Each structure stands twice: as structure tokens, then as C-alpha cells.
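When the letters of the sequence shown are read in order and numbered with mature numbering (1 follows the signal peptide of the UniProt record, and there is no 0), they come out as residues -25 to -1, 1 to 442. Quick reminder that beta carbons are idealized off the backbone N, C-alpha and C, glycines included. Bear in mind the structure is a predicted one, so any value in this text is a computation, not a measurement.
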Amino acid sequence: MGCPGRTTLSFLLIFVSVYLHGALLQEAGPTGQRKPFFERLRRLEEQFRRFQEVTLTHLQAIASNYNLSYNIDARFQSLAQESQALALAVNQSQATVQGDLGHLKTWIRKTQRRSRKVDSRLLALGVALRERSQQLAQERKEQAAQREALSSLALDMRALQDTLARLTHVVQSQGARLDALKEWLPVACPGTTPPARPALPSQSSPKLQEGRQVLRTSPEPLDLPRDFAGHLQGTREPPGPNSQWARRPERLGEVCNVGPAFVFPNTSTENVVFLRPGFLAGLRALSVCSWVRTASGHLGTLLSYATAENDNKLVLHGRDSLVPGSIHFVIGDPAFRELPLQPLLDGQWHHVCVIWTSLLGRYWLHVDRRLVATGSRFREGYEIPPGGSLVLGQEQDSLGGGFDGSEAFVGSIAGLAIWDRALVPGEVSHLATGKELPPGAILTLASAALVGGFVQRVNCTCLELCP
């Protein structure tokens, strides 16, 4: 298709050439006709100049339009190239996305298979856990039954031990009386042969087994037949209290070999004895035995064990606010039991044993071989932790310190020992009579690592010689 500007230009050139040819033909005419001809020619020239101006304007407009159309074509070409590049990029992205979707579908299928395996394993684990919980419940029931059986057995054992201890004491006293009677009988009745002491039955004797069964079912104290004077029937008292056959009364002052004694002369907060290294392992049972003599109207603190988390893990102390002669037995503050120790206020030596076990929370208090207090459900299942500070004579309000003079002990302590088990009554009786120390003591007064203040360490052979 041709351009309209070019057609118009060709037409104008033809028209000008024709017009000029006509004008040349008219010059050859007469002179009278030349003036109008020149005027017309001048007008035509003016019209031609105006026409040229108009044509130039139109040509410039046409040229600008041509440039604009050229720019539009270039832009359309660039847009076409960009669209092609964009289409190529979209195709590549679509291929990449399809590949990623394929990988994702594969991973989802693998994950589903794994989840099904995990579900099956979880179901199997749930079944195993239910079976295990049922087994644990059954084991707990069996353990509870065993604990009940052990508690009843422990009660029977202690009752049997107490009865056997009393029976042993009775047998020993009867043996001493028989020995005295055998010595006195030849003097009173010359020519009479003293009867031989009947042999004791062996451990496997049927009679002894039968006696044990009776003692187990009836642990009450033996009520031996006595006469009106209070003596055992079938025996005779040797003549005269001053005769050589009379028994000497047993005195506590005759107890010897108790080790060193510590004397606390006043209520100074500097009077303290540290026992080290303390408890190296947790304690589920405890026995604390010692000879004690007080020199004031209240007992004060005999023993205090503190840790970083609790300054009253184990305490034996009496306060002014308590009933005179009473003492608090504390295990893991604030749990405690109030124990009666009124005999200690007479200023004489007394043997004290405090025993506790976490099994059913049983505890016993022995004073001079006698059981004066007992109970249960006290810190059942509890364990006294190791690594604390153990002191004598002061009550700790902080680890190794925080002493108060109103809670200090004034008096003497001798033969103190601590076991990580519950002593039996026979062992307590041996301690109270000055016999050998039961095995397994974890701490004694020989473990005293630091003696502070006015506390005096005294080595005396017998208690009656200790201050």
C-alpha cells in the first residue's frame, strides 16, 4: 500500500509542469495580454509558495507519523521477543515444577509407607506398654503384700526378740541363783550332793521349736510363778543380805570401755563437736546410741544434721518451750516425733538409743535397756541424704552454723555411735551394760574432727569416773 504523501507530491509536480508549459505558450501572444498574465503568474507563485508551505507542513507531519510508526514497530518487535523469552521461561519453569511435583509425590508415597510402619510400631508399643503396666500393677500389689508380710514379720521378730531377751535375763538370774544355792547347799546340809544343772535344749529341739511358736503367737511378757515375797518359786534366798552368796546390785558406774567423753560446760554457741566425714551414703535406717548426763533443767540439742537444702534433716533436741524432759526427734523437717526422756533430768548417766527405719516408718526409743516409746508411719520410705554437716551439742539453722545458745546442750556425752541399720534389743542391751560395740557402726566419737569452744575431751576408763 502506497503512502498518500508521495501521491500528492507527484500530482503537484505534474500540475506545476503543465502550468509552466501553458505560461510559456502565452508569452508568444500579444503584448496586451502580458500584464494579466504576470499578475496571474504572481498569484500563482504566491499560491504555489503557500501550497509549498502547506505541503511542507503535511510532509513534516507525515515524516513524524512515519517515525512514530517505526518506533511502534520496533516496540512491537521487542515485545514479541520478550513474549517469546517469557514463554520459554514459563515452559522451563513448568518443566521444573512438574519434576519437583514428581519428586514430591514420590516422597509423599515413601512418607506414607513410613507412617504406616510407625503406626504399626506404635500400636505394638502401646500393647507392650499396657501389658507392662499390668505387670507393674501386679508387681506393686505383690510388693504391697510383701511389705505387709514383712511388717508383720518384723513385729513378730521384735516381739520374739524382746521375749527372748527377757527370757535370757530370767535364765541368767536363775543360773546365778542356782550357782549360789549349789555353793550354799553343802554348807547347810553336809553330805548332800548338789543336783546338776539341767541341760538347755538344742536349737533343733522339738520343745524349743514349740516354745518359739508359742512366743510368736503370744509375745506378752512372761509371768513366772512367784511366791508372796516376790521371789521365784522353787528357790530359796541365801541367808542374810551380808552373806557371801548375796548378789551385788548392778550400778551404771560399773560400765567401762565406753571410749572418750565430751563435756559441754555451758550454753556458749562456740561449744560444738563436728563429726566428719558425716554420712557418705543415704540412710534408710538409723540407730543412734549414747551415754548422756545432763547438767541443766532441759536437754538441749544432742545431735543435729543439716544439708544445703534443709538445716533439719536429722535432729535430736529439746527446747525450753517443751515439756521438761521431752525431746523432738526430727527427720526431714518439719516431720518430727516427741519422745519422753524425763529420766535424764536427774543428772545421772543414762543410756539412750533412738532407732528408726523407713520400712513402715517404725521407730523405737530405749532408755537404760527399756523400751519407753515406739511408733510407725514416721517418714515411711524416706532416705536421709548424704553430704551434710553433723554436729553434737548445737542445733544448726544453716549448714555448719546458725547456733542458738538457748538450744545448746549442757552436760556430758560418752560412747556415742551411729549405725545405718536398726539395732535389735539384744544389741541395745549389750550396749547399755558396757559390752562390745555391735558391728557396722559408721560414726563414733572417734570421728570427732573439730572440737570448739569450752568443750573438753576426757578419756575415762569407766562411766563413774567421767565428769
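| Over what stretch of residues does the alpha helix (DSSP H) that includes Val403 continue unbroken? | Within the sequence shown, residue 403 is the residue found at index 428, counting from 1. First-last of the alpha helix (DSSP H) with Val403: Pro400 to Ala407.
| task | Measure the CB-CB distance between residue 447 and Ala424 and report whether it falls below 9 Å. | result | What the structure shows of the chain is the stretch from -25 to 442, and residue 447 is not part of that stretch, so it cannot be assessed.
| Beta-carbon proximity list for His303, same chain, < 8 Å, skipping 5 on both sides | Sequence index remark: in the sequence shown, residue 303 carries index 328 (1-based). Contacts found: Val290, Leu291, His292, Gly293, Arg294, Leu297, Phe311, Arg312, Glu313 and Leu314.
| query | Helix or strand or just coil, what does DSSP make of Gly257? | reply | If you number the sequence shown from 1, residue 257 lands on position 282. Residue state, collapsed to three classes: coil.
| task | Pick out whichever of Leu418, His326, Arg107 and Leu440 has its Cα sitting closest to the Cα of Gly253. | result | If you number the sequence shown from 1, residue 253 lands on position 278. Of the candidates Leu418, His326, Arg107 and Leu440, the one whose C-alpha sits nearest the C-alpha of Gly253 is Leu418.
| request: Work out the CA separation of Gln121 and Leu128 for me, nearest whole Å. | output: Taking the first residue of the sequence shown as position 1, residue 128 is located at position 153. Taking the first residue of the sequence shown as position 1, residue 121 is located at position 146. Straight-line Cα distance between these residues: approximately 10 Å.
| query | What residue ranges within the region 225 to 251 form continuous beta strand (DSSP E) runs of no fewer than 3 residues, ordered along the chain? | reply | 235 to 239 and 247 to 250
| task | Sort out for me which residues DSSP pairs Phe311 with in a bridge. | result | Here residue 311 refers to the residue found at position 336 when the sequence shown is read from its first residue. DSSP output for Phe311 lists Val305 as bridge partner(s).
| query | Should Val230 go down as buried or exposed, given a rule of 16 or more other Cβ atoms within 10 Å for buried? | reply | By 1-based counting over the sequence shown, the position of residue 230 is 255. The residue in question, Val230, is buried, as its Cβ has 16 or more Cβ neighbours within 10 Å.
| Should Tyr338 be labelled buried (16 or more other beta-carbon atoms within 10 Å of its own) or exposed? | For the purposes of this step, residue 338 is taken as residue 363 along the sequence shown, with counting starting at 1. The residue is buried, with at least 16 neighbouring Cβ atoms inside 10 Å.
| query | What do you reckon, are the CB atoms on Leu274 and Phe384 nearer than 9 Å? | reply | Translated into positions along the sequence shown, residue 274 becomes position 299. Translated into positions along the sequence shown, residue 384 becomes position 409. Yes, the pair counts as a contact, with Cβ atoms nearer than the cut-off.
| said: Please state the DSSP three-state secondary structure of Ser179. | reply: The sequence position of residue 179 within the sequence shown is 204, counting from 1. Below a pLDDT of 50, predicted positions are generally treated as unreliable, and Ser179, at 43, falls in that range; no measurement from the model is reported.
| query | So what's Asn285 in DSSP terms, helix, strand or just coil? | reply | For the purposes of this step, residue 285 is taken as residue 310 along the sequence shown, with counting starting at 1. Coil.
| How about Leu367 and Phe237: are their beta carbons less than 9 Å apart? | Within the sequence shown, numbered from 1, the residue matching residue 367 stands at position 392. Within the sequence shown, numbered from 1, the residue matching residue 237 stands at position 262. Yes; because the gap between Cβ atoms is below 9 Å, this pair is in contact.
| said: Less than 9 Å between the C-beta atoms of Val263 and Val329, yes or no? | reply: As a first step, residue 263 must be located in the sequence shown, where it is residue number 288. As a first step, residue 329 must be located in the sequence shown, where it is residue number 354. Closer than 9 Å, so yes.
| task | Can you have a look at Asn434 and say buried or exposed, based on whether 16 or more other CB atoms are within 10 angstroms of its CB? | result | Numbered from its first residue, the sequence shown carries residue 434 at position 459. Exposed is the call here.
| Apart from the five residues just before and just after Leu126, which ones in its own chain have a Cβ nearer than 6 Å to its Cβ? | What you label residue 126 is simply residue 151 of the sequence shown in a count that begins at 1. Position check: residue 126 holds Ser in this sequence, whereas Leu was assumed. Within the same chain, Ser126 has close Cβ partners Leu335.
| query | In angstroms, rounded to a whole number, what distance separates the CA positions of Pro400 and Gln136? | reply | Counting from 1 along the sequence shown, the entry for residue 400 is found at position 425. Counting from 1 along the sequence shown, the entry for residue 136 is found at position 161. Each residue's alpha carbon lies about 7 Å from the other.
| task | Measure the Cβ-Cβ separation of Glu245 and Gly377 and say whether it is below 9 Å. | result | Within the sequence shown, numbered from 1, the residue matching residue 245 stands at position 270. Within the sequence shown, numbered from 1, the residue matching residue 377 stands at position 402. For Glu245 and Gly377, no; Cβs fall outside 9 Å.
| query | By DSSP, does Gly386 sit in helix, in strand, or in coil? | reply | Numbered from its first residue, the sequence shown carries residue 386 at position 411. Here Gly386 sits in strand by DSSP.
| Rounded straight-line distance, which links the Cα of Lys410 to that of Leu277 | As a position in the sequence shown, residue 277 is number 302, starting the count at 1. As a position in the sequence shown, residue 410 is number 435, starting the count at 1. Approximately 23 Å between the Cα atoms of the pair.
| field | Host beta strand (DSSP E) of Ser351 (start-end) | value | In the sequence shown, residue 351 corresponds to position 376, counting from 1. Element bounds for Ser351: n/a, residue is neither H nor E.
| request: Below 6 Å CB to CB, which residues in the same chain sit around Ala270 once its five sequence neighbours on both sides are set aside? | output: What you label residue 270 is simply residue 295 of the sequence shown in a count that begins at 1. If we look at Ala270 and ignore the five residues flanking it on each side, its Cβ neighbours are Val385 and Gly386.
| request: Run the CB neighbour count on Tyr41, radius 10 Å, all protein chains shown included, and call it buried at 16 or more, exposed below. | output: Position 66 of the sequence shown, counted from the start, is the residue given in the question as residue 41. So Tyr41 ends up on the exposed side.
| Grouping DSSP H, G and I as helix and E and B as strand, with all else coil, what is Arg88? | Locating residue 88 in the sequence shown gives position 113, where the first residue counts as 1. In the structure shown, Arg88 sits in a helix (DSSP, three-state: H, G or I).
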